[in-house]
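If you're matching them up, the sequences are chains A and B in order.
With the numbering used here applied, the first sequence covers 13 to 311.
With the numbering used here applied, the second sequence covers 13 to 311.
Protein chains: 2
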Amino acid sequence: MDKVQFEAQMKRYAQMTEAALVRFVPEQPELPEHILYEAMRYSLLAGGKRLRPVLVFAFCSLCGGNTETALPAACAIEMVHTYSLIHDDLPCMDNDDLRRGRPSSHKQFGEANALLAGDALLTKAFETVLACREAGAQESRTLQAAAILARAAGDHGMVAGQVLDLLNENRAITAEELIDLDAKKTGAMIRASAAMGCVLAGAAAEQKCAADAYAKALGLAFQIQDDLLDVAGDAALLGKPTGSDAQNDKRTYVALLGLEASRRAVADLTDQAKKALAPFGGKAAFLCMLADRMAARES
Amino acid sequence: MDKVQFEAQMKRYAQMTEAALVRFVPEQPELPEHILYEAMRYSLLAGGKRLRPVLVFAFCSLCGGNTETALPAACAIEMVHTYSLIHDDLPCMDNDDLRRGRPSSHKQFGEANALLAGDALLTKAFETVLACREAGAQESRTLQAAAILARAAGDHGMVAGQVLDLLNENRAITAEELIDLDAKKTGAMIRASAAMGCVLAGAAAEQKCAADAYAKALGLAFQIQDDLLDVAGDAALLGKPTGSDAQNDKRTYVALLGLEASRRAVADLTDQAKKALAPFGGKAAFLCMLADRMAARES
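Take a look at the structure:
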């Protein structure tokens with residue numbers, strides 16, 4: 013697979029996601045509560061890499077599944093991701109005025125509407141993942157996919173990570189604690205994406221295991237790369253000011269490990285991720301290239 | 013069924029709920045994020061009528077189902093209800109310092125932790141309803157119950173009602189608009205409770221229809237009675253100051269219809285609810301008495 017083929021595949025997956033998201037969350041101009049849908053769509057359709065849906069599709073496909081049956085799951089995980097960004101930006105959390113170069117949800121719609129748009133997106137995610145059944149997935153696989161999403165998004169995963177993030181805001185932490193925090197805050201959802209793709213394809217246990225090892229390494233590499241971009245990235249490409257982590261006195265890999273060791277960790281983890289997919293052979297070329305591209309990204 | 017038998021049944025259902033909630037959301041003192049579990053339990057185990065779980069159990073039982081298989085669904089809907097109260101009390105929403113006579117979640121744990129405890133409870137609700145499968149419910153019925161919960165809690169139901177509530181805060185609305193608002197804000201979840209109980213019991217279409225008519229009437233009666241209690245209730249029994257709706261310039265049934273017509277509406281709706289259950293005959297005695305008790309409640 014060359015770079016052109018890779019980019020074309022990324023684009024196909026992203027377009028499948030966009031088209032379905034627009035369908036799952038339609039405009040509702042005739043309803044008195046139409047502002048809710050505007051707020052949901054404002055954040056949901058703001059672009060972004062769609063990394064999590066891409067992982068759902070790619071693992072579903074790699075394990076021999078039909079990506080159409082995984083489409084609701086891909087959209088569901090993007091809804092959960094989007095809700096988490098909206099709530100994260102709220103004044104009582106990170107108090108960020110900008111997201112992807114535009115006013116954050118509470119700046120655009122007010123705090124209460126932003127809170128409720130996040131709540132609605134989280135709820136919609138579960139309505140949506142359950143629609144895998146109607147998209148052709150077996151009942152048992154649909155139940156498993158929904159359960160994976162719930163566990164990764166909640167108190168065992170993402171929300172726990174956000175609580176840890178708050179607790180650690182003004183105290184020194186170790187690299188191990190930061191790895192645990194990120195495993196929950198961002199890693200759990202990335203692993204859930206891979207796991208849902210596998211489950212919906214009816215993957216074997218060894219396939220699920222390999223996918224999880226890939227996703228675990230990719231998730232951590234992604235987070236370290238995020239920190240590196242905050243230090244050395246281009247604010248225009250990122251759509252947000254750089255240096256914000258240091259300003260907020262946040263613990264980062266760069267602060268804890270140094271610039272060089274952080275870069276090396278990204279390279280090592282990317283390698284690990286690719287090696288985990290060895291059992292799949294050449295069929296895993298897309299996911300291997302994805303790991304490389306994530307490590308080389310500039311935004 | 014006499015009053016003593018009714019109270020004993022209410023107590024049994026409430027105790028089943030309490031015991032299971034404690035299991036579904038255990039204390040986690042050994043985890044660094046233990047405050048998340050404390051905040052979830054603080055609001056979830058604060059008492060309350062457990063009306064929604066009672067409806068799940070009672071309809072499951074009325075339609076010939078095993079209440080054990082509906083226990084996760086009963087807990088799930090109580091989790092959704094609790095999350096909605098936590099988010100509703102936040103400063104950017106109703107800004108309430110008290111809930112059931114105690115400091116509201118954000119007063120006790122801070123705004124960010126309250127927000128996240130709500131998010132975690134909503135997510136946990138879906139993890140929990142999916143556990144109906146392990147509790148013995150069929151896969152297809154579990155999927156249906158989860159889908160009912162998602163639709164009732166989200167943009168078609170409760171969250172839409174909260175958006176409408178905000179939009180109407182400082183404007184005059186008609187009784188019809190208020191009925192639409194409440195049908196979404198509180199009615200949807202009450203109907204979902206009845207519907208989940210039916211679905212998990214494998215109820216026939218006519219049974220579901222009768223249950224929905226009951227729940228719809230009960231939900232509206234409940235809301236009008238709430239308004240009546242805010243005007244004429246006892247602050248000590250309610251655990252919150254009365255007159256707060258009038259102070260916040262909220263539109264209420266009492267303001268729109270007057271005291272007498274509101275009382276009559278509660279009586280008429282209670283009658284409607286009971287009549288809807290006529291096809292079930294004497295087996296519906298518990299739910300008929302529940303409607304009467306709700307109309308006569310003082311808190």
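Where a beta carbon is used, it is the ideal one built from N, C-alpha and C, also for glycine.
Legend entry - Element boundaries [alpha helix (DSSP H), containing Pro41 of chain A]: Working through the first sequence from its first residue, we reach residue 41 of chain A at position 29. Here Pro41 of chain A belongs to no alpha helix (DSSP H), and DSSP marks it neither H nor E.
Legend entry - Segment contact, 8 Å Cβ cut-off, at least three pairs: the segment 31–48 of chain A with the segment 195–209 of chain A: At 8 Å Cβ cutoff, the stretches do not touch.
Inset, instruction - Go through its chain and collect everything with a Cβ distance to Ala158 of chain B's Cβ below 7 Å, but skip five positions before and after it. - result: Here residue 158 of chain B corresponds to residue number 146 of the second sequence, with the count starting at 1. Around Ala158 of chain B: Phe138, Val141, Leu142.
Legend entry - Burial state of Asp261 of chain B (16 or more Cβ within 10 Å): Along the second sequence, one-based indexing puts residue 261 of chain B at 249. Because the pLDDT at Asp261 of chain B is just 49, under 50, the model does not fix this residue reliably, and the point stays unresolved.
Inset, instruction - Pull up the CB-CB distance for Asp167 of chain A and Ala86 of chain B, whole angstroms please, since I reckon it's below 8 Å. - result: Numbered from its first residue, the first sequence carries residue 167 of chain A at position 155. Numbered from its first residue, the second sequence carries residue 86 of chain B at position 74. Actually they are not in contact, since the Cβ atoms of Asp167 of chain A and Ala86 of chain B sit about 20 Å apart, beyond 8 Å.
Inset, instruction - Give a yes or no on whether 8 Å exceeds the smallest Cβ distance from Pro44 of chain A to chain B. - result: By one-based count along the first sequence, residue 44 of chain A stands at place 32. It does: the Cβ of Pro44 of chain A has a partner Cβ on chain B nearer than 8 Å.
Inset, instruction - State the DSSP-derived secondary structure class of Pro103 of chain A, mapped to helix, strand or coil. - result: Locating residue 103 of chain A in the first sequence gives position 91, where the first residue counts as 1. In the structure shown, Pro103 of chain A sits in coil (DSSP, three-state: anything other than H, G, I, E or B).
Inset, instruction - Go through its chain and collect everything with a Cβ distance to Gln150 of chain A's Cβ below 6 Å, but skip five positions before and after it. - result: Your numbering for residue 150 of chain A matches position 138 in the first sequence. Same-chain partners within the cutoff: there are none.
Legend entry - Residue(s) in a DSSP beta bridge with Pro84 of chain B: Along the second sequence, read from residue 1 onward, the residue named residue 84 of chain B stands at position 72. Answer is none; Pro84 of chain B lacks a bridge partner.
Inset, instruction - Under 6 Å Cβ to Cβ from Glu19 of chain A, same chain only, skipping five residues before and after it: list those, please. - result: On the first sequence, residue 19 of chain A is found 7 positions in, with the first residue counted as 1. Taken in chain order, the list of residues that qualify is empty.
Inset, instruction - Determine the extent of the alpha helix (DSSP H) in which Ala290 of chain A is found, giving its start and end residues. - result: Looking up residue 290 of chain A in the first sequence gives position 278. Note, Ala290 of chain A: premise wrong, no alpha helix (DSSP H); not H, not E.
Legend entry - Span of the alpha helix (DSSP H), counted from its first residue to its last, around Thr154 of chain B: For the purposes of this step, residue 154 of chain B is identified with residue 142 of the second sequence, where counting begins at 1. First-last of the alpha helix (DSSP H) with Thr154 of chain B: 151–165.
Inset, instruction - Output yes or no for whether 8 Å exceeds the beta carbon distance between Ala162 of chain B and Arg203 of chain B. - result: The residue given as residue 162 of chain B occupies position 150 in the second sequence. The residue given as residue 203 of chain B occupies position 191 in the second sequence. Not closer than 8 Å, so no.
Inset, instruction - Could you give the DSSP three-state label for Leu57 of chain B: helix, strand or coil? - result: On the second sequence, position 45 is the one that residue 57 of chain B refers to. Reduced to three states, the DSSP call for Leu57 of chain B is coil.
Inset, instruction - Run down chain B in chain order and give the residues with a C-beta less than 9 Å from the C-beta of Lys197 of chain A. - result: For the purposes of this step, residue 197 of chain A is taken as the residue at position 185 of the first sequence. Per Cβ cutoff of 9 Å: no residues; Lys197 of chain A is ~11 Å from chain B at best.
Inset, instruction - Closer than 8 Å by beta-carbon distance: list the chain A residues that pair up with Glu151 of chain B, in chain order. - result: Indexing the second sequence from 1 puts residue 151 of chain B at position 139. Chain A residues near Glu151 of chain B: Glu151, Ser152, Leu155.
Inset, instruction - Can you give me the start and stop residues for the alpha helix (DSSP H) that Asn125 of chain B sits inside? - result: Your numbering for residue 125 of chain B matches position 113 in the second sequence. From DSSP, the alpha helix (DSSP H) with Asn125 of chain B extends over 123–141.
Legend entry - Spatial distance of Pro44 of chain B from Phe121 of chain A (CA atoms): Against the second sequence, residue 44 of chain B aligns to sequence position 32. Against the first sequence, residue 121 of chain A aligns to sequence position 109. Their backbone Cα atoms lie some 34 Å apart in a straight line.
Legend entry - Start and end residues, alpha helix (DSSP H) containing Asp239 of chain A: Reading the first sequence from its first residue, position 227 is the one you call residue 239 of chain A. Run containing Asp239 of chain A: 217–244, per the alpha helix (DSSP H) assignment.
Inset, instruction - Can you pull the chain A residues whose beta carbon is under 8 Å from the beta carbon of Ile47 of chain B, in chain order? - result: Here residue 47 of chain B corresponds to residue number 35 of the second sequence, with the count starting at 1. Counting only Cβ-Cβ distances below 8 Å, Ile47 of chain B has contacts in chain A at Val175, Leu179, in chain order.
Inset, instruction - Identify the continuous alpha helix (DSSP H) that holds Lys197 of chain B and give its terminal residues. - result: Position 185 of the second sequence, counted from the start, is the residue given in the question as residue 197 of chain B. First-last for Lys197 of chain B: undefined, no H or E at that position.
Legend entry - Limits of the alpha helix (DSSP H) - the one that Gly173 of chain A falls within: Residue numbering aside, residue 173 of chain A sits at position 161 when the first sequence is read from its first letter. Element bounds for Gly173 of chain A: 170–179.
Inset, instruction - Would you mind sorting Gln27 of chain A into buried or exposed? The rule is 16 or more other CB atoms within 10 Å of its CB. - result: For the purposes of this step, residue 27 of chain A is taken as residue 15 along the first sequence, with counting starting at 1. Looking at its Cβ environment, which holds fewer than 16 other Cβ atoms inside 10 Å, Gln27 of chain A is exposed.
Legend entry - Spatial neighbours of Leu176 of chain B in its chain, beta-carbon cut-off 6 Å, leaving aside the 5 residues before and after: Locating residue 176 of chain B in the second sequence gives position 164, counting from the first residue. Leu193, listed in sequence order.
Inset, instruction - Decide yes or no for the touch test of the segment 283–297 of chain A against the segment 228–239 of chain A: beta carbon pairs closer than 8 Å, at least 3 of them. - result: yes
Inset, instruction - Answer yes if the segment 73–81 of chain A comes into contact with the segment 97–107 of chain A, meaning at least three C-beta pairs across the two stretches below 8 Å, and no otherwise. - result: no
Legend entry - Exposure label - Thr154 of chain B; buried when at least 16 CB within 10 Å: For the purposes of this step, residue 154 of chain B is taken as residue 142 along the second sequence, with counting starting at 1. Buried is the label assigned to Thr154 of chain B, since at least 16 other Cβ atoms lie within 10 Å of its Cβ.
Legend entry - Cβ-based burial, Phe186 of chain A [other Cβ within 10 Å; buried from 16]: Here residue 186 of chain A is taken as the residue at index 174 of the first sequence, counted from 1. According to the sequence as given, residue 186 of chain A is Thr; it is not Phe. It counts as exposed.
Inset, instruction - Check whether the Cβ atoms of Lys171 of chain A and Leu128 of chain B sit closer than 8 Å, and answer yes or no. - result: One-based indexing of the first sequence puts residue 171 of chain A at position 159. One-based indexing of the second sequence puts residue 128 of chain B at position 116. Correcting the residue identity first, residue 171 of chain A is Val in this sequence and not Lys. Result yes, Cβ atoms of Val171 of chain A and Leu128 of chain B sit closer than 8 Å.
Legend entry - Endpoints, the alpha helix (DSSP H) within which Ser73 of chain A is located: For the purposes of this step, residue 73 of chain A is identified with residue 61 of the first sequence, where counting begins at 1. Start and end: 63–74.
Legend entry - Host alpha helix (DSSP H) of Arg2 of chain B (start-end): Absent from the model: residue 2 of chain B. The displayed extent of chain B is 13 to 311, so no value can be given.
Legend entry - Per DSSP, the bridge partner or partners of Leu110 of chain A: Walking along the first sequence from the start, residue 110 of chain A turns up at place 98. Its beta-bridge partners are A:Pro115.
Legend entry - Bounding residues of the alpha helix (DSSP H) (the contiguous stretch that carries Ala184 of chain B): For this step, residue 184 of chain B is matched to residue 172 along the second sequence. Segment: none, Ala184 of chain B is in no alpha helix (DSSP H) and carries neither H nor E.
Legend entry - Proximal residues, the segment 101–134 of chain A versus chain B, C-beta separation under 9 Å: Listed by position, the residues of the segment 101–134 of chain A near chain B (Cβ gap below 9 Å) are Leu102, Pro103, Cys104, Met105, His118, Gly122, Glu123, Ala124, Asn125, Ala126, Leu127, Leu128, Ala129, Gly130, Asp131, Ala132, Leu133, Leu134.
Inset, instruction - Flag this pair as yes or no: are the beta carbons of Lys295 of chain B and Leu74 of chain B separated by less than 8 Å? - result: Position 283 of the second sequence, counting from 1, holds the residue named residue 295 of chain B. Position 62 of the second sequence, counting from 1, holds the residue named residue 74 of chain B. A contact, by the Cβ cut-off of 8 Å.
Inset, instruction - Below 6 Å CB to CB, which residues in the same chain sit around Gly169 of chain B once its five sequence neighbours on both sides are set aside? - result: Along the second sequence, read from residue 1 onward, the residue named residue 169 of chain B stands at position 157. Counting only Cβ-Cβ distances below 6 Å, and skipping sequence neighbours, we find Lys196, Ala200.
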